[in-house]
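Here the sequence shown is numbered in this note's numbering, starting from 210 and rising by one per residue.
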Amino acid sequence: MSSTDQPGTAENTPESDLASPPINAERLLQLITREYESLPRQLKRIASYMSQQSDRIMVDRISDIARECEVHPSAIVRFSQRFGFSGFSEMQALFREAYTHKATPVQNYQQRIRSMIANKSQKASGGDLARECIDATLSGIERLGQELDDQAFEKAVDLVVNADNIYVVGVRRSFAVADYLVYNLQHTNKRIHLVSGLGGSYREQMRSVRANDLVIAISFTPYGKETQHCLRIAQHHQAKTLIITDSNLSPLAKRANTLLLVNEGSSFAFRSLSATLCLCQALFIAVAYRLELKVDEIHEQVGFED
Numbered sequence: 210m211s212s213t214d215q216p217g218t219a220e221n222t223p224e225s226d227l228a229s230p231p232i233n234a235e236r237l238l239q240l241i242t243r244e245y246e247s248l249p250r251q252l253k254r255i256a257s258y259m260s261q262q263s264d265r266i267m268v269d270r271i272s273d274i275a276r277e278c279e280v281h282p283s284a285i286v287r288f289s290q291r292f293g294f295s296g297f298s299e300m301q302a303l304f305r306e307a308y309t310h311k312a313t314p315v316q317n318y319q320q321r322i323r324s325m326i327a328n329k330s331q332k333a334s335g336g337d338l339a340r341e342c343i344d345a346t347l348s349g350i351e352r353l354g355q356e357l358d359d360q361a362f363e364k365a366v367d368l369v370v371n372a373d374n375i376y377v378v379g380v381r382r383s384f385a386v387a388d389y390l391v392y393n394l395q396h397t398n399k400r401i402h403l404v405s406g407l408g409g410s411y412r413e414q415m416r417s418v419r420a421n422d423l424v425i426a427i428s429f430t431p432y433g434k435e436t437q438h439c440l441r442i443a444q445h446h447q448a449k450t451l452i453i454t455d456s457n458l459s460p461l462a463k464r465a466n467t468l469l470l471v472n473e474g475s476s477f478a479f480r481s482l483s484a485t486l487c488l489c490q491a492l493f494i495a496v497a498y499r500l501e502l503k504v505d506e507i508h509e510q511v512g513f514e515d
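What follows is the structure, given as structure tokens:
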């Protein structure tokens, strides 16, 4: 752990000017979003985790959050104090009050995986591990269904339908999702471009972006720098942007005309892609439905089979 992770540095000094802490979890999350840019680097990591995993906080231990955020547990205490709480337990109580009566799939999964890891006397079988991965995936999809913003989704459909050209970018694990979305959208009569960055050619592939085009960017923490670079180019050319990411605090969010949020389930620190793929498939289906209202039919490519 670096010296910047230790207590007592200028970066870690809490600077709360709150007369009293927020009265509920919703108010706290709103305050975190508002104050995010002014937070030190370590506290930004914690803020992002709080935003993305709000339904897990009631069962998380301070050591769990510290490990996920790659900070010292004392940073969690400083974060709590920054927002007017005496410590982590007082802040956690807000989330317990908010979620106690509606246990989520993520919480149930988190508790079960802890029990499996703690039970040293019984070795998990391959089937047990497979089911844990499946359950983690299901928890992410169920959360997507519960938290989908209908208004934002409808606006996303509008952007796709009205775009002249559509550019889709995602790097590393998000690349598979970008390629899948491009495959789906190519079933329409839209002009679709996958920004693959082959040979490092992101700038070159984005050169033809114009004001009536749409750039769809898919990125999750720690957020691809290449994707952010493509978004800066899109904004420079006044193109519209649809962002699929995991938090309102994502650096991509501030560049979005429309923002779709999705948080995947994770199994043994490996995050699924299933909820994101589901969201992209739903987006395509909604777009296809809208286009069928305007054109006679969406032509399939003739002579090929899936």
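C-beta atoms are modelled at their ideal positions from N, C-alpha and C, and glycine is treated no differently.
Keep in mind it's a predicted model, so treat the numbers as computed, not measured.
In the DSSP annotation of this structure, the continuous segment of the beta strand (DSSP E) that includes T450 starts and ends at K449 to T454. N421 is positioned such that its CB atom lies no closer than 7 Å to that of D358.
DSSP places N371 in the helix class (H, G or I) of the three-state scheme. In this structure, L303 keeps its C-beta atom at 7 Å or more from the C-beta atom of A256. Boundaries around R400 are those of the beta strand (DSSP E), R400 to V404, since no alpha helix (DSSP H) includes it.
If you draw a 10 Å sphere on the C-beta of Y389, you find 16 or more other C-beta atoms in it, and that means buried.
If you check the CB distance, T485 and N466 do not come in under 7 Å.
In this structure, the CA atom of R254 is about 30 Å from the CA atom of A339.
Less than 7 Å divides the Cβ of M259 from the Cβ of I241.
If you draw a straight line from the Cα of S459 to the Cα of A443, it comes to about 17 Å. A straight-line Cα-Cα distance of about 11 Å links S481 and D344.
The alpha helix (DSSP H) runs lying completely inside the region 383-434 and spanning 4 residues or more are 384-394 and 411-414, given in chain order. Pairing C487 with C439, the inter-Cα distance amounts to about 24 Å. Shortest Cα-Cα distance from Q355 to any of S229, V471, L238 and P231 involves V471. When secondary structure is reduced to three states using DSSP, G379 falls in the strand class. For A284, the CB contacts under 6 Å within the same chain, skipping 5 residues up- and downstream, are Q251 in chain order. When beta bridges are read from the DSSP output, L468 appears opposite I452. Here S295 carries a coil assignment [DSSP, helix/strand/coil]. Residues V404 of the same chain have their beta carbon placed closer than 6 Å to that of Q414, with the five preceding and five following residues left out of the count.
In terms of CA proximity to V380, I453 leads the group G293, I350 and I453.
DSSP places M267 in the coil class of the three-state scheme, outside both helix and strand.
Only buried fits Q261, as 16 or more other CB atoms lie within 10 angstroms of its CB. L468 and A307 do not touch by the CB rule: their CB atoms are close to 23 Å apart, not below 8 Å.
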